[in-house]
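Quick notes on the structure that follows.
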Amino acid sequence: MNNAVNILLYAPFIGAVLAYVLGKLKQPLAFWVAEVTGAILFLASIVIFLTHSGSPINIDYTWIHYGEINLPFGIYIDHLSIVMLLIATGLGFADIHFAHDYMGSDPDQPRYYAKVLFFIGGMILLVITKDLIGAFVGWEFMGLASYALISFWYYKKSAANAGMQAFLYTRFGDIFILAAIGLLYYYVGTVNLVELNHLADAGEINKTVALVAALFIFMGAIGKSGQFPLYPWLMNAMEGPTTVSALIHGATMVNSGIYIVARLFDFYAYTDALYVVANVAALSAFIGSTSALVQKEIKKILAYSTMSHLSIAFVGLGVGSLAAGMMHLVNHAIFKALLFLSAGAIIYISHHTKDAWKLGGLVKKAPYIALFMAMGSLSLAGVPPFSGFFSKEMVVTAAWLHGNEFTKIFVTIAALLSIAYITRLWILVFLGEPRNEDIAGSVHKPSNLWIRLPLGILAFITLIIAIWQSNIVHYITGEAGVEEHIAWLGIFMLTTMFVIFLIVVGLYVKGLNLLYKIGSHHFVQTIHQILFNGYYVEAMITWISKNIIVNALAASARWFDTYVVDYIVDGSVPTSYRIYKIFKKGHTGKIGTYMGQMVIGVAIIVLAILIIVKGL
């Protein structure tokens, strides 16, 4: 067991170095090092899953010990960690395998695979660490890797800007996590994730301190998981390779925010911070689902979908259902990795065409990709018997039983709209006649081994995993897994989804002329622009940053530095010279002058003493 843990800790970073060094010597070696490392990591996770006895793996290390300061860096692997390990390593391995063809013509493959393995290593470190300090290190490893991967094609200005934006947005949230670590260490005396839950259960933490720390940690989760208002980076991250998008949106980074809240679930419940989590998530789910309705790029539709569905998982946690939130996270990781890799396959065979409106009719040339993407789409939409149906129903039911009106309405709308935007995407890409003959004529057949195989496996998993939904819930939470149901809600959801499906099919298959007429209306165009630009949140953040932070605060600080601090510093030279000239007059070299100065000095001292004594 310890050998498997050591492999998980060290193999991704050793593999990253080897992939880069050996890849520079002979480029194909970069892929094979990454492929073998990914397989080893996945097998190590399976070994831990199969041999885990039930009691957590608990290993204590000390990172820094200085006087009374003791910073721990322990390992803690329980059922929650094992599930996250299987997701990170399993989907990471599938992603690396898929990249063989997708990144096959890129000259910088050694750099790519090194960054991917480093990224997976950061996620592994996050989910197996015992303390917030170790979790923060893994958290920052992923932040660094995401910056490097999103801006992988750094010679493109859009990619470089997207990577920098992701770095800055997520760092803003990470500042709050660092503050939470300091707060908990100072006031509670521990940053051990397990101990924090136990202390919260026993009511032994000051509730105000705990609430502030919980909200600070959630701010970090907002940044990493693309919640309101720090979500714009998630959409612009599509500038990176599609395999990177699948890795970020399915297996690793965006899941980390949900994981950290789930890991501290008892702590959050004690502080009542889950109320904030639920409401922010419900708003984020609504923004993501409505914005996805009007996007043109395949990957941006899926990116807004990621935002919406991660928010749905957050809602599950926020209304007090660890089972619903984590189950939807697991299902989402699988079907979203399938959808992003399917999108990658589409982009790859159509010579990197990302605009869905330029495609069409691909079902004839890529029937297997169409089938696999349809299975992922049905799971995302929440159509039974696919896995997404069960977890989405769990979340919406929990919201209606335990959430407020805002949460109920917004998460329900987001859940219903899933079928609208994903059906629209599938129809635009695969049905109808090709809308660009040049692109359609150059579409080539994907590889069975490198492209179709991972897609087929993920499609099969998203179909059959529904069989073990209750078992997975029991494995993660330790509870019996008795699901709550609201009979009318399930009927309402399925009926409404069917109606929405018929409307979308009618508009995009038979009624495009009607759609164009509706879209030409001024009011509809205004709504379209608002949704297309993500409610202009990015523009608002940019305006605030530029006009308040840069032009106001930073400009004021610069003025103060230039005209106050510099004036004082620069003025010290002539002032010192004037003082020197004044005292210089007393240095005449004449004994009489010196005697007079001494008498005056003694007189001043005596006078001062008399005044002080009299005052007393």
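Under this note's numbering, residues 327 to 942 are what the sequence shown spells out, in order. Backbone N, C-alpha and C fix where the C-beta goes; we use that ideal spot for every residue, glycine too.
Query, Result
"Three-state secondary structure assigned by DSSP to His391", "strand"
"Integer-rounded CB distance, given that Ala337 should sit under 8 Å from Thr363", "6 Å"
"Rounded straight-line distance, which links the Cα of Ile586 to that of Ile543", "8 Å"
"Cutoff 7 Å: Glu361 Cβ touching any chain C Cβ", "In the structure shown, chain C cannot be found, because there is only a single protein chain."
"Pair within 7 Å by beta-carbon distance, Gly583 and Ser551", "yes"
"Identity of the residues DSSP links to Pro398 by a beta bridge", "Thr388"
"Exposure of Ala488, with buried meaning 16 or more beta-carbon neighbours within 10 Å", "buried"
"Residue from Lys910, Leu857 and Ile935 whose Cα sits closest to the Cα of Ala618", "Leu857"
"Separation of Ser713 from Ile791, as counted between CA atoms", "6 Å"
"Contact set for Asp457: own chain, Cβ-Cβ below 7 Å, skip 5 residues either direction", "Pro398, Phe399, Gly400, Val517, Asn518 and Leu519"
"Buried or exposed (CB count within 10 angstroms, at least 16 for buried), His391", "exposed"
"Length of the line joining the Cα atoms of Ser871 and Val535", "29 Å"
"Per-residue burial, Pro772 [other beta carbons within 10 Å of its own, 16 or more giving buried]", "buried"
"Alpha helix (DSSP H) segment containing Ile501, residue limits", "Lys483 to Tyr513"
"Span of the alpha helix (DSSP H), counted from its first residue to its last, around Asp892", "Asp892 to Lys910"
"Cβ neighbours of Ile844 in the same chain (closer than 7 Å, five flanking residues each side left out)", "Val850"
"Straight-line gap, Met633 to Ala607 (C-alpha atoms, nearest Å)", "9 Å"
"Delimiting residues of the alpha helix (DSSP H) encompassing Tyr428", "His405 to Tyr428"
"Whole-angstrom distance between Gly576 and Ile783, CA atom to CA atom", "15 Å"
"Ile383 - DSSP class collapsed to helix/strand/coil", "strand"
"The segment 424–443 touching the segment 491–506, judged by at least three CB pairs closer than 8 Å", "no"
"Lys626 beta carbon less than 7 Å from that of Met579", "no"
"Opposing strand residues paired with Asn518 [DSSP bridges]", "Asp457"
"Secondary structure, alpha helix (DSSP H): runs of 4+ residues fully inside the segment 344–374", "none"
"Contiguous beta strand (DSSP E) assignments of at least 3 residues, all confined to the segment 546–571", "none"
"Rounded separation between Phe424 and His677 - CA only", "16 Å"
"Beta-carbon contacts of Asn523 that lie in its chain and below 7 Å, excluding the five residues immediately before and after", "Leu590, Asp592 and Phe593"
"Straight-line Cα distance separating Asn384 from Gln621", "46 Å"
"Own chain partners of Phe736 with C-beta closer than 7 Å, once the 5 adjacent residues on each side are dropped", "Ala608, Leu609, Ala611 and Phe612"
"Contacts around Ala506, its chain only, beta-carbon distance under 7 Å, and the 5 residues preceding and following it disregarded", "Ala539, Phe542 and Ile543"
"At least 3 beta-carbon pairs within less than 8 Å: the segment 714–726 vs the segment 645–657", "yes"
"Same chain only: Cβ atoms within 7 Å of Leu933, ignoring 5 sequence neighbours per side", "none"
"Rounded straight-line distance, which links the Cα of Ala370 to that of Asn328", "10 Å"
"Counted within 10 angstroms of its Cβ, other Cβ atoms place Ser768 as buried (16 or more) or exposed", "exposed"
"Sequence ranges, alpha helix (DSSP H) only - wholly within the segment 592–629, length at least 4", "600–618"
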